[in-house]
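*Asks:* Structure provided below as structure tokens; questions to follow.
Number of protein chains: 2
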Amino acid sequence: MPRRSEPGKRPTLADVAERAGVSAMTVSRVIAGNYPVAPPTRSKVLRAMRDLDYVVNAHARALAGATTKTVALVLDDATGPFFAFIARGVEQQAASEGRLCLLCTTHGDPERELAVVELLREQRAEAVILVGGAQDTDTYTERMAYFARALDKSGSRLVLCGRPSPGPDVPATVVEYDNEGGAYAMTAYLLANGHRKIAYVGREPGLSTTDERVRGYRRAHADHGVAVDEALIRPGTFTRESGAAVTEALWEERTDATAVFAATDMVAAGVLKALRGRGVRVPEDVSVVGFDDIPLASDLTPALTTVHVPHEQLGREAVRLALHRGPEIEDRVVLGTHIVVRDSAAPLRP
Amino acid sequence: MPRRSEPGKRPTLADVAERAGVSAMTVSRVIAGNYPVAPPTRSKVLRAMRDLDYVVNAHARALAGATTKTVALVLDDATGPFFAFIARGVEQQAASEGRLCLLCTTHGDPERELAVVELLREQRAEAVILVGGAQDTDTYTERMAYFARALDKSGSRLVLCGRPSPGPDVPATVVEYDNEGGAYAMTAYLLANGHRKIAYVGREPGLSTTDERVRGYRRAHADHGVAVDEALIRPGTFTRESGAAVTEALWEERTDATAVFAATDMVAAGVLKALRGRGVRVPEDVSVVGFDDIPLASDLTPALTTVHVPHEQLGREAVRLALHRGPEIEDRVVLGTHIVVRDSAAPLRP
DNA sequence: CATCGCGTAGATACCGCTATCTGCGATGCT
DNA sequence: AGCATCGCAGATAGCGGTATCTACGCGATG
Numbered sequence: 405m406p407r408r409s410e411p412g413k414r415p416t417l418a419d420v421a422e423r424a425g426v427s428a429m430t431v432s433r434v435i436a437g438n439y440p441v442a443p444p445t446r447s448k449v450l451r452a453m454r455d456l457d458y459v460v461n462a463h464a465r466a467l468a469g470a471t472t473k474t475v476a477l478v479l480d481d482a483t484g485p486f487f488a489f490i491a492r493g494v495e496q497q498a499a500s501e502g503r504l505c506l507l508c509t510t511h512g513d514p515e516r517e518l519a520v521v522e523l524l525r526e527q528r529a530e531a532v533i534l535v536g537g538a539q540d541t542d543t544y545t546e547r548m549a550y551f552a553r554a555l556d557k558s559g560s561r562l563v564l565c566g567r568p569s570p571g572p573d574v575p576a577t578v579v580e581y582d583n584e585g586g587a588y589a590m591t592a593y594l595l596a597n598g599h600r601k602i603a604y605v606g607r608e609p610g611l612s613t614t615d616e617r618v619r620g621y622r623r624a625h626a627d628h629g630v631a632v633d634e635a636l637i638r639p640g641t642f643t644r645e646s647g648a649a650v651t652e653a654l655w656e657e658r659t660d661a662t663a664v665f666a667a668t669d670m671v672a673a674g675v676l677k678a679l680r681g682r683g684v685r686v687p688e689d690v691s692v693v694g695f696d697d698i699p700l701a702s703d704l705t706p707a708l709t710t711v712h713v714p715h716e717q718l719g720r721e722a723v724r725l726a727l728h729r730g731p732e733i734e735d736r737v738v739l740g741t742h743i744v745v746r747d748s749a750a751p752l753r754p
Numbered sequence: 405m406p407r408r409s410e411p412g413k414r415p416t417l418a419d420v421a422e423r424a425g426v427s428a429m430t431v432s433r434v435i436a437g438n439y440p441v442a443p444p445t446r447s448k449v450l451r452a453m454r455d456l457d458y459v460v461n462a463h464a465r466a467l468a469g470a471t472t473k474t475v476a477l478v479l480d481d482a483t484g485p486f487f488a489f490i491a492r493g494v495e496q497q498a499a500s501e502g503r504l505c506l507l508c509t510t511h512g513d514p515e516r517e518l519a520v521v522e523l524l525r526e527q528r529a530e531a532v533i534l535v536g537g538a539q540d541t542d543t544y545t546e547r548m549a550y551f552a553r554a555l556d557k558s559g560s561r562l563v564l565c566g567r568p569s570p571g572p573d574v575p576a577t578v579v580e581y582d583n584e585g586g587a588y589a590m591t592a593y594l595l596a597n598g599h600r601k602i603a604y605v606g607r608e609p610g611l612s613t614t615d616e617r618v619r620g621y622r623r624a625h626a627d628h629g630v631a632v633d634e635a636l637i638r639p640g641t642f643t644r645e646s647g648a649a650v651t652e653a654l655w656e657e658r659t660d661a662t663a664v665f666a667a668t669d670m671v672a673a674g675v676l677k678a679l680r681g682r683g684v685r686v687p688e689d690v691s692v693v694g695f696d697d698i699p700l701a702s703d704l705t706p707a708l709t710t711v712h713v714p715h716e717q718l719g720r721e722a723v724r725l726a727l728h729r730g731p732e733i734e735d736r737v738v739l740g741t742h743i744v745v746r747d748s749a750a751p752l753r754p
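As given, the protein sequences belong to chains Y and D, one line each in that order.
To convert, count from 1 in the first sequence and add 404; that's our numbering.
To convert, count from 1 in the second sequence and add 404; that's our numbering.
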């Protein structure tokens, strides 16, 4: 007895072929549609497929053919609007390119990150997209270079999204956004509004994004001929609590700052809270601005003037670039940022 | 010349075997560790694997063996804290069970949902987890029953997470949370605080979650011997805008409500905004409560008293239940909800 | 001393699909 | 009419693993 479609087992190409009275190859061709099949044959096959409720086996296909039609997204944590929006961009673009999206999280654990990359090598994902700020150290660079090469050997492309590039000669694609430009524009906006004592709250040491933003902050000062008061650049982490604590400490020390540039919107939320607690009015007494433009920004009172980061587009580009590569196509892209004016910043009042 | 590990091609079991001077089966056994292999042989093999930087091919393994070690998560949209937290739970549990997590979004489009389920059938994911509120109609039930059976035939388990059950005899697992209980507890809390005119804002018609919450709202009234003023139950969608608009309309009509039970925290945000706009103080003049306990809730001013939904645990349970099934194991679970008291509700002032 | 059993390692047969080559009747061209 | 060509379908050979059955060396056993 030949191999039959026993009940309970999922039908295979061969089962469909038998039912349609053709060979398995013909069925494969009808599905792929990349080879001429006579219309009557085609419809017989389609009929059989429907009758059997046939579904191709993606794994068999991936094994026989070349491509897995899968991209992988690796992030610290899926909650948090920053990541969520990038994830949405990635997923959307992946879907529109007919790809499935694998999601992994590392919770900032390097060991887990390594394990995840290893797992994704097994999966032969077409692209592995690493998202999120990172310490820009030698260790980091080496690590990414290793990942890039390891993934490359396994046939996938490493994409660094919003992370520093590991340098040339590394088979990776980089999608960034203009941290410096955004910080420059925002600082310039405050300066143009008469502010001269602008505190920068939440410089997380060693983090690439921070460094770039501070660079923009400095350059704007320089271009406006205003000296930077180094004591106004305050370190801190990217949390609401840190924003509040740093603001408290600053105001305890001095109260001459007329504007606060928070490293992120989340930090800005903390700043606002601390200022409110001290009875400082925003924006009448002090202007406060942020960076990221997450939904929270427009929910704060007052609505936060901030730098818009195109998170979703970042995700889309990551997928697009990884999938369509070629000699003519750049493997590094920097997306623009721009300021969004809301209610938390106002001209300096004499 | 026998098949060699040509440079540029990923090494296979055979390559490792050749280098170690053993057969492919032996290598497979070393990796699987489910069969005795003599220690010297084992180390030769491990050595060869390291030298070649061998990585198994997950697709070949899935094809030959039975299991794909993959669970899939389908949601409307990855942004939005509600989904994000469920996603986190799913991803974490999946990871801890050694599974990878596929992420798909539908944007509420039924056609896309169908396509996604079809795609996941191809992937032979062990579990397909559908998340999010749904219209509890006959169409929905039929649809889910169809999905359940289709996926079952393809060897995956459908999990409905926070969605109504499609009824018995359908091969699906259901993970819900206690909407009615939460609404009951919250309403009882308000009643106990002296409130008698409690508006329910944001009853989205036909949505299962809504119906259950309103049921809890009614039952609490009944148990406290308070008649429900039907005119205080106001329809609306689960958005901030709707919350604000509905509140405006209600206050335009009458101002005797002393408390507002918003269908979700997001709606509550709108309610708060509208009340603030009218100069109504919360909680001094009117108490406002929500449902969900998303991070936003504690960020609002005043911090929102709300019903906590264990989103993350919901995700974890979905994976756990789908993966470990058996005669002794329930395929339907209802997680508890409880109220979280913050600052937006206060005892009625005479 | 023949036999048995045990511990290992190899051989072989798929899993379900696609790439490629072959086969063959119907056309087209001269 | 003769032969190359074309359109379509089948046969075959992997892709890279795992299950299963067989083979073999060696010490223990009767």
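Backbone N, C-alpha and C fix where the C-beta goes; we use that ideal spot for every residue, glycine too.
Keep in mind the model is a prediction, meaning the values are calculated, not measured.
(1) Compare the C-beta of Y:HIS757 with all C-beta atoms of chain D and state if any pair is closer than 9 Å.
(2) Hey, D:LEU555 and D:VAL578: beta-carbon distance below 9 Å or not?
(3) Rounded to whole angstroms, what's the CA-CA distance from Y:TYR588 to Y:THR643? Just pull it up for me.
(4) What residue from Y:ALA470, Y:ARG525 and Y:GLY425 has the CA that sits closest to Y:ARG451's CA?
(5) If we cut at 9 Å on Cβ distances, does Y:ARG492 have a partner in chain D?
(6) Let me know the secondary structure DSSP gives D:VAL532 once reduced to three states.
(7) Taking three-plus beta-carbon pairs below 8 Å as touching, is the stretch 457-475 of chain D in contact with the stretch 692-707 of chain D?
(8) Who are the near neighbours of D:PRO754 in its chain, counting only those whose CB is closer than 6 Å to its CB and skipping five residues on each side?
(9) Would Y:VAL574 count as contacting chain D if we go by Cβ distances under 9 Å?
(10) Applying a beta-carbon distance threshold of less than 8 Å, which residues of chain D neighbour Y:VAL459?
(11) Confirm, please, whether the CB-CB distance from D:LEU727 to D:GLU501 is below 9 Å.
(12) Buried or exposed: where does Y:ARG685 fall if 16 or more other Cβ atoms within 10 Å of its Cβ makes it buried?
(13) How many angstroms separate the CA atom of D:THR430 from the CA atom of Y:GLU546?
(14) Hey, out of Y:VAL494, Y:GLU584 and Y:VAL632, whose CA is closest to Y:GLY740's CA?
(15) Identify, in the order they occur along the chain, each residue of the same chain with its Cβ nearer than 6 Å to the Cβ of D:HIS549, setting aside the five sequence neighbours on each side.
(16) Can you list, in chain order, the residues of its chain whose CB lies under 6 Å from that of Y:ALA678, leaving out five sequence neighbours each side?
(17) For Y:ASP627, would you say it is in contact with chain D, using Cβ-to-Cβ distances shorter than 9 Å as the test?
(18) Look at the alpha carbon of Y:GLY606 and the alpha carbon of D:ARG465, and state the distance between them as a whole number of angstroms.
(19) Relative to the C-alpha of D:ALA359, which candidate in D:GLU515, D:ALA476 and D:ALA491 has its C-alpha closest?
(20) Keeping to the same chain, check which residues put their C-beta closer than 6 Å to that of Y:ARG617; ignore five residues upstream and five downstream.
(21) Could you tell me which whole beta strand (DSSP E) segments of length 3 or greater appear in the stretch 622-690 of chain Y?
(22) Express the C-alpha separation of Y:CYS505 and D:ARG724 in angstroms, rounding to a whole number.
(23) Distance, Cα to Cα, D:SER558 vs Y:LYS413?
(24) Would you check if there are 3 or more beta carbon pairs closer than 8 Å linking the stretch 622-636 of chain Y to the stretch 590-607 of chain Y?
(25) Helix, strand or coil for Y:TYR458? Go by DSSP, reduced to three states.
(26) What residue range is occupied by the uninterrupted beta strand (DSSP E) comprising D:ALA476?
(27) Any C-beta of chain D sitting closer than 9 Å to the C-beta of Y:GLY484?
(28) Using a Cβ-Cβ cutoff of 8 Å, what residues of the stretch 717-748 of chain Y are near chain D? List them in chain order.
(29) Which stretch, first to last residue, makes up the beta strand (DSSP E) that contains D:GLY606?
(30) Excluding the five sequence neighbours on either side, which residues of its own chain have a C-beta within less than 8 Å of the C-beta of D:ARG503, listed in chain order?
(31) Can you give the beta carbon distance from D:ALA603 to D:LEU636, rounded, assuming they're within the 8 Å contact cut?
(32) Please check if any C-beta of chain Y sits within less than 9 Å of the C-beta of D:PHE695.
(33) In the DSSP assignment, find the alpha helix (DSSP H) that holds Y:LEU504 and state where it starts and stops.
(34) What residues in its chain sit with their C-beta under 7 Å from that of Y:ARG682, if we drop five residues either side in the sequence?
(35) One question on the structure: do D:GLU608 and D:ALA538 come within less than 9 Å of each other, judged by their Cβ atoms?
(36) Express the C-alpha separation of D:ALA488 and D:THR509 in angstroms, rounding to a whole number.
*Replies:* Let me lay it out:
(1) Look at the range of chain Y in this structure, 405 to 754, and you will see that residue 757 of chain Y is not part of it.
(2) no
(3) 22 Å
(4) Nearest C-alpha to Y:ARG451: Y:GLY425.
(5) yes
(6) Secondary structure of D:VAL532 (DSSP, three-state): strand.
(7) In this structure the stretch 457-475 of chain D does not touch the stretch 692-707 of chain D; the number of beta carbon pairs closer than 8 Å is below three.
(8) Around D:PRO754: no qualifying Cβ.
(9) no
(10) The answer, in chain order, is GLU522, ARG525, GLU526 and SER558.
(11) yes
(12) Y:ARG685 should be labelled exposed.
(13) 34 Å
(14) The option with the nearest alpha carbon to Y:GLY740 is Y:GLU584.
(15) Residue identity check: residue 549 of chain D is Ala in the sequence provided, not His. Closer than 6 Å at Cβ, skipping near neighbours: PRO570 and VAL574.
(16) ALA648, THR651 and GLU652
(17) no
(18) 48 Å
(19) Residue 359 of chain D cannot be examined here, being either before or after the span of chain D that is shown, 405 to 754.
(20) ASN583 and ALA587
(21) 637-639 and 663-666
(22) 21 Å
(23) 8 Å
(24) Two segments are said to touch when three or more pairs of C-beta atoms, one from each, lie closer than 8 Å; by this definition the stretch 622-636 of chain Y touches the stretch 590-607 of chain Y.
(25) Here Y:TYR458 sits in coil by DSSP.
(26) 474-479
(27) yes
(28) Within the stretch 717-748 of chain Y, no residue has a Cβ lying closer than 8 Å to any Cβ of chain D.
(29) From DSSP, the beta strand (DSSP E) with D:GLY606 extends over 602-607.
(30) LYS473, THR474, VAL475, GLU530, VAL723 and LEU727
(31) 4 Å
(32) no
(33) From DSSP, Y:LEU504 is part of no alpha helix (DSSP H) but of the beta strand (DSSP E) over 504-509.
(34) TRP655
(35) No.
(36) 12 Å
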